[in-house]
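Enquirer:
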Amino acid sequence: MLLLAAPFLLPPIPFSAVLSGLFLYDAAMLFLGIDLGASALKLIVIDAKGSPMAHIAAPIATLSPAVGTFATAEQDPKLWLITLETLLDNLFTNSAVKPEDITALSITAGTHIAVLCDRDMQPLRNAIMWSDQRAASIMPKLLAAQDKILAESLHAPNPTWTLAHLAWLTENDPDAISKTHMILPAKDWLRYCLTGHIGTDLSDAIGLQLVNAHIEEWSATLCDLSGVNASQLPEIADSKDYAGQISESAAQRFKLSPKTAVYTGAIDTSTELLRPSDYKSDAPASIKLASAGVVYMSVPDKTTLPPLSCYPHCTASDGWYLASGMNSCTTALDWLRKEVLSDISLQAFNECAAKAPAGAKGVVFHPYLMGERAPHWNPDLTASLSGMSRETDKSDIARAGFEGIAFAIRDIKENMEMLTGKTAETFKLLGGGAKSRLWSQIIADILQTPIHVQPNSDAAYGAGLLACLAHTGQMPSAAPNDAIMTFEPDTSLATFYAEKHAEFNLLRQKLS
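For the sequence shown, the working numbering begins at 21 and goes up steadily by one.
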């Protein structure tokens with residue numbers, strides 16, 4: 021289903037002149053953020069104040085080919101283009117936003133998603149997703165080189181990262197590797213299709229796990245382990261670097277203006293952490309509720325702290341951040357509402373869950389539909405729905421879905437705090453799941469930590485902010501009515517949820 025904001029009447033936007041490497045600031049400028057998510061492609065148009073003007077989204081199909089016993093996930097990059105074409109056509113047809121109104125754009129996507137391109141820059145095969153676990157079969161080889169990998173990449177080998185994906189392809193699809201002219205992260209291939217520009221940024225380079233993070237150059241050692249070489253990899257640029265304008269062919273296909281400026285962009289977790297300059301939140305950490313669930317904590321500089329991931333912020337002054345993510349977050353809820361609760365709507369799911377008491381009358385949901393990453397790192401871990409009786413109804417199952425994912429997030433939070441020695445006193449909540457007030461409150465209660473929900477906190481919005489920042493040198497200031505909502509934990513539930521969390525983990529031990 022296509023979701024389009026109500027149309028707004030906007031004046032045409034003239035293309036601005038260049039001044040000192042940046043473009044002249046104009047309050048009437050509009051910026052397009054494009055987010056290639058794991059389950060949907062999302063577009064948002066914002067103005068120079070950071071106010072959303074229109075948004076639209078469409079689902080992206082994920083394929084699960086049978087490969088051994090491990091969970092797999094692939095997407096067809098050509099489908100990304102078809103979906104983008106459809107969304108842009110709907111955007112310009114059904115809102116007052118026109119192609120010439122878009123001053124600049126930026127693209128974001130999940131990391132660990134590589135497109136193997138031939139000499140014509142066309143995909144040689146489907147792109148393996150970050151949730152794919154097939155490379156677990158070749159992990160003994162990579163674990164033997166763990167010290168080398170960790171020393172250069174900051175990260176230990178992992179079957180869900182691109183180094184492992186490429187090593188698996190080298191053994192199992194050598195023809196595709198031999199024909200590969202260029203390897204581009206997902207967002208960078210999309211940008212190439214719009215501009216003809218070949219490149220990437222440091223956040224995606226780190227996600228490929230082929231870069232020496234200390235000198236920020238491709239590593240011969242890591243490339244050798246993956247079965248590729250540095251000549252098959254793009255140049256690394258800053259996330260805010262200018263990457264050209266829309267090509268004539270792309271302008272015709274996608275109905276974009278050839279005068280629209282395009283910037284390099286960054287991975288989704290990096291853009292999600294951007295916020296308009298008027299937001300003064302002192303929350304030291306964030307939680308993302310999207311296809312994946314992720315806990316973030318900012319650090320002043322790059323650090324090696326496996327199994328936590330470490331990435332650069334979009335803006336160098338903000339330093340780096342640690343991230344630790346689960347495989348199935350909102351995707352697990354989607355599975356529950358579609359497959360277990362007869363495909364009820366998201367609104368009905370929330371309303372249903374609100375009728376159940378805390379603890380869901382003993383129903384427990386484990387969201388491990390694709391094995392699990394943090395903090396268990398177990399590709400064999402399976403999902404479960406247990407504790408049901410004749411008194412169980414659909415409201416208990418819906419509530420158990422919210423609580424089960426919140427318990428899994430608590431596992432990640434406690435593991436991150438143990439590894440860093442730091443305790444987060446508050447969290448910002450990001451992603452599409454943050455729109456649910458009920459879920460936000462459940463997370464606050466289970467973590468026993470205040471939760472701040474910032475409006476427009478998803479990756480597409482962050483990509484729009486990055487486009488504005490890169491183009492004008494200024495971060496938008498949020499509209500004054502976009503207030504941050506705070507959910508305080510119910511302290512009377514602290515002991516209750518601590519016991520439920522212990523029960524959750526006791527049951528988990530029986531799931532692999």
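All C-beta atoms in this analysis are idealised placements derived from N, C-alpha and C, irrespective of residue type, glycine included.
(1) Would you check if the distance between the CB atom of S559 and the CB atom of A74 is smaller than 8 Å?
(2) Along the chain, where does the alpha helix (DSSP H) that runs through Q367 open and close?
(3) What residues match up with P79 in a beta bridge as DSSP calls it?
(4) What number of angstroms, rounded off, separates the C-alpha of I466 from the C-alpha of E268?
(5) In chain order, what residues of the same chain have a beta carbon less than 7 Å from the beta carbon of R273, not counting five sequence neighbours either side?
(6) Helix, strand or coil: how does DSSP classify F90 here?
(7) Assign H396 to one of two classes, buried (16 or more other C-beta atoms within 10 Å of its C-beta) or exposed (fewer than that).
(8) Per DSSP, what kind of secondary structure is M159 in: helix, strand or coil?
(9) For Q166, is the classification buried or exposed, using 16 other Cβ atoms within 10 angstroms of its Cβ as the cut-off for buried?
(10) What is the residue span of the alpha helix (DSSP H) that G421 lies within?
(11) What's the call for A68, buried or exposed, on a 16-neighbour Cβ count within 10 Å?
(12) Could you check the C-alpha separation between S497 and S512 for me, to the nearest Å?
(13) Between the beta-carbon of A483 and the beta-carbon of T128, is there less than 8 Å?
(14) Hey, out of A48, V65 and L50, whose CA is closest to N478's CA?
(15) Between the beta-carbon of D258 and the beta-carbon of T284, is there less than 8 Å?
(16) Check this for me: beta carbons of E94 and A164, under 8 Å apart or not?
(17) Suppose the cutoff is 8 Å on Cβ atoms and the five residues either side in sequence are ignored; what does the same chain contact list for L111 look like?
(18) Which whole runs of the alpha helix (DSSP H) in the region 264 to 350 are 4 residues long or more, in chain order?
(19) In three-state terms, what does DSSP make of Y45?
(20) When DSSP labels each residue in this structure, what does T215 get in the three-state scheme?
(21) Can you check DSSP and say which residues form a bridge with G391?
(22) Going by the DSSP bridge assignment, what does M408 pair with across the sheet?
(23) Could you check how far apart the C-beta atoms of L230 and L183 are, in whole angstroms? I think they sit under 8 Å.
(24) Taking Cβ positions, are T335 and A263 nearer each other than 8 Å?
(25) What is the residue span of the beta strand (DSSP E) that H472 lies within?
(26) For I504 versus V315, is the C-beta distance shorter than 8 Å?
(27) Grab me the residues of T241's own chain with a C-beta within less than 7 Å of its C-beta, minus the 5 sequence neighbours each way, in chain order.
(28) What first and last residue would you give for the alpha helix (DSSP H) that runs through P205?
(29) Measuring straight from C-alpha to C-alpha, what distance separates P509 and L309?
Expert: Per the coordinate set shown:
(1) The structure shown does not extend to residue 559, since the chain spans only 21 to 532, so no value can be given for it.
(2) L366 to A374
(3) Note: P79 sits in a beta bridge opposite A60.
(4) 52 Å
(5) Within the same chain, Cβ atoms closer than 7 Å to the Cβ of R273 are found at E105, the five residues on either side in sequence being excluded.
(6) coil
(7) buried
(8) helix
(9) exposed
(10) K414 to T440
(11) buried
(12) For S497 and S512, the gap between their C-alpha atoms comes out near 38 Å.
(13) yes
(14) The question names Asn, yet the displayed sequence has Asp at residue 478. Closest by alpha carbon: V65.
(15) yes
(16) No.
(17) Cβ-Cβ distances below 8 Å link L111 to L24, L63, V65, A74, I76 and V117 in the same chain, with the five nearest sequence neighbours on each side left out; the list follows chain order.
(18) 268 to 274 and 288 to 292
(19) For Y45, the pLDDT reaches just 49, beneath the cut-off of 50, and the residue's location in the model is therefore unreliable, although a value from the coordinates is still provided. If DSSP states are grouped into helix, strand and coil, Y45 belongs with coil.
(20) The answer is helix: DSSP assigns T215 an H, G or I state.
(21) L389
(22) Beta-bridge pairing links M408 to no other residue.
(23) 6 Å
(24) no
(25) I471 to V473 is the span of the beta strand (DSSP E), which, as asked, contains H472.
(26) Not in contact: I504 and V315 (Cβ atoms no closer than 8 Å).
(27) K168 and E172
(28) Careful: P205 lies outside any alpha helix (DSSP H), inside the beta strand (DSSP E) at M202 to P205.
(29) If I take the Cα positions, the gap works out to 18 Å.
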